[in-house]
Amino acid sequence: MTDWQRELRAQFPIVAAHPDIAYLDSAATAQKPQPVLTAVMEYLTSENANAARGTYPWANRTTARVEQARDRVRAFLGDPVPARSGVHFVSGATEGLRAVARDWLAPQLRDGDEIVVPYADHNANIVPWHEAAALARARGVQVTLRAMPYDAAHDYDTARLAALVTPRTRLIAATHVHHVYGNDMHVSRLRAAAGPDVPICLDAAQSVGHLPISVAGLDVDFLVFSGHKAMALPGTGAVWARNQRGPEYVPAGWPGTPNTSGIVSLVAALDWLDAAGVDRIADWTRELGARLTDGLSGLGAYQVLGCQHSLAAASDVQRRQGIVTFRHREIGSADLGFILAADGLLVRSDGHCQGDQGEKASSVRVSLHAYNTVQEIDRLLERLADLNSG
Ligand code: PMP
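What the sequence shown shows, in full-length UniProt numbering, is residues 1 to 390, in sequence order.
See the structure below:
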């Protein structure tokens with residue numbers, strides 16, 4: 001463990017409280033560092049009030065915090081023109097994608113319009129687009145859902161995507177990092193295939209906090225993420241929208257009490273991630289993932305899903321983030337999950353909310369974050385080696 005990593009790990013009270021547990025399920029939700037917990041505690045015990053309502057100082061300061069949090073999200077996402085973007089706080093990526101689908105896209109859909117849907121990605125990035133089409137249908141408007149094309153490496157096939165886009169394409173939905181295969185989906189290439197005018201909505205649930213993000217470089221119109229996967233409290237997330245193509249996206253002006261303490265936690269989490277260095281976290285978790293993949297490749301009973309990445313193969317290491325998903329050839333994945341949990345190895349097992357799962361429905365996913373260690377990976381590999389013969 002490097003000093004950098006040791007210092008980071010020491011900031012997670014839950015890690016210190018459970019020395020025998022290896023938490024290997026950060027793609028589901030991440031653990032919270034002390035500064036995030038402290039920020040929430042301080043807020044709730046010093047000036048907790050509602051936002052955009054009262055006229056007294058606590059309420060005014062809470063309103064200001066929420067507004068400043070929008071700027072913090074813009075900055076974290078590398079938004080080059082903050083004046084032209086909106087940030088809407090939501091409970092997570094699912095609600096965020098749903099907000100874009102229902103509140104922005106659905107009302108503007110016309111007969112014959114088309115939406116490109118990534119069916120091999122997370123259900124949260126599939127179901128909302130069906131909902132938008134259903135809302136259109138309810139007012140007599142027929143919308144066609146087109147399947148995003150993929151190549152053999154589970155990347156988007158941009159040549160086939162370009163052929164699929166028509167003047168009626170109203171939105172392309174995509175994912176930044178795949179939640180099962182862990183690969184960076186190379187979304188900056190989508191713009192050339194989409195053309196200049198088609199809005200692209202990006203599900204960044206598995207990349208915010210794991211990869212440095214630049215909405216300008218990605219050239220997307222919406223970026224949606226879950227704050228809780230980026231070390232903020234559960235029930236946090238945001239939609240960033242570039243108000244450039246189509247009607248403005250302004251649900252930030254909606255009534256309703258925002259999740260103020262969650263928003264406080266999100267700001268603290270983004271500050272923590274920036275201080276830790278997202279690029280270093282990315283390198284670290286890729287390295288751990290590659291160590292696991294390399295270890296598994298020596299164990300005949302296991303099959304790793306998606307593209308392979310090994311410590312030796314520099315280009316694949318660049319590509320695959322700290323998510324490794326595999327199956328045992330004989331032991332069912334749910335059973336394997338229970339066996340590992342009995343040894344304090346907490347992984348995600350069985351299904352993964354993937355849309356077009358086919359025969360890959362059941363598997364074991366190991367997903368890593370800043371607090372994970374080489375020792376944890378080696379401990380997992382040792383236990384998997386015990387089960388190698390089935
Ligand atoms: N998209 C992806 C790629 C995800 O991995 C997840 C969480 N598993 C979601 C969306 C949904 O996130 P949430 O549960 O926070 O709404």
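Backbone N, C-alpha and C define an ideal beta-carbon position, used for all residues, glycine too.
The model shown is predicted, which means the values in this text are computed figures rather than measured ones.
Excluding sequence positions up to five away, which residues of its chain have a Cβ less than 8 Å from the Cβ of Ala39? Taking C-beta separations shorter than 8 Å and ignoring five residues to either side along the sequence, the partners of Ala39 in its chain run Val264, Ser265, Val267 and Ala268, following chain order.
Do you know how far the Cα of Pro57 is from the Cα of Val366? Answer to the nearest angstrom: the Cα atoms are 46 Å apart.
Would you decide whether His178 is buried or exposed? Buried here means 16 or more other CB atoms lie within 10 Å of its CB. buried
Name the residue from Lys32, Gln303, Arg320 and Asn243 whose alpha carbon lies nearest to the alpha carbon of Val364. Checked all of Lys32, Gln303, Arg320 and Asn243; the closest Cα to Val364 is Gln303.
Can you tell me where the beta strand (DSSP E) with Leu145 in it begins and where it stops? Thr144 to Ala147
Would you list, in sequence order, the uninterrupted beta strand (DSSP E) runs of no fewer than 3 residues that lie entirely inside the stretch 217-293? 222-226 and 237-242
Does the count of Cβ pairs from the stretch 189-200 and the stretch 159-169 closer than 8 Å reach three? yes
Please state if the CB of Asn243 and the CB of Phe89 are separated by a distance shorter than 8 Å. No.
Can you tell me whether Phe225 is buried or exposed? The criterion is at least 16 other CB atoms within 10 Å of its CB, across all chains shown. buried
Continuous beta strand (DSSP E) stretch holding Gln68: start and end: First-last for Gln68: Pro57 to Phe76, but that is the alpha helix (DSSP H), not the beta strand (DSSP E).
Beta-carbon contacts of Ala232 that lie in its chain and below 7 Å, excluding the five residues immediately before and after: Val36, Gly262, Ser265, Leu266 and Ala269
Would you check if the distance between the CB atom of Gly96 and the CB atom of Gly235 is smaller than 8 Å? no
Extent of the continuous beta strand (DSSP E) to which Thr175 belongs: Thr169 to Thr175
On the DSSP bridge assignment, give the partners of Glu114 in chain order. Thr144 and Thr169
In angstroms, rounded to a whole number, what distance separates the CA positions of Gln11 and His369? 13 Å
Leaving aside the five residues before and after Gly209 along the sequence, list all residues of the same chain whose C-beta is less than 6 Å from its C-beta, in chain order. Ala230 and Leu273
What do you reckon, is the C-beta of Gln5 under 7 Å from a heavy atom of the ligand PMP? no
Here's a check: name, in chain order, each residue in its chain whose Cβ is nearer than 6 Å to the Cβ of Gly227, leaving out the five neighbours to either side. Cβ neighbours of Gly227 beyond the five flanking positions: Thr236, Gly237 and Leu266.
Which word fits Ser85, buried or exposed, when buried means at least 16 other C-beta atoms lie within 10 angstroms of its C-beta? buried
Does the beta-carbon of Gly355, which I'm using as the reference point, lie nearer than 7 Å to any heavy atom of the ligand PMP? no
Give the range of the alpha helix (DSSP H) segment to which Val36 is assigned. Gln34 to Ser46
Thinking just about the alpha-carbon of each residue, which of Phe326, Ile14, Glu67 and Gly355 is nearest to the one in Val347? Phe326
Give me the Cα-Cα distance between Glu359 and Met41, rounded to the nearest whole angstrom. The pLDDT assigned to Glu359 is 46, lower than 50, so where the model puts this residue is not dependable; a value taken from the coordinates is nonetheless given after this. Roughly 46 Å between the two C-alpha positions.
Relative to the C-alpha of Ala290, which residue among Val220, Asp271, Glu248 and Val374 is closest? With distances taken between Cα atoms, Ala290 lies closest to Val374.
For Ser26, is the classification buried or exposed, using 16 other Cβ atoms within 10 angstroms of its Cβ as the cut-off for buried? buried
Selected residue, minimal CA-CA separation from Gln5, among Leu223, Asn372, Ser389 and Ala30: Asn372
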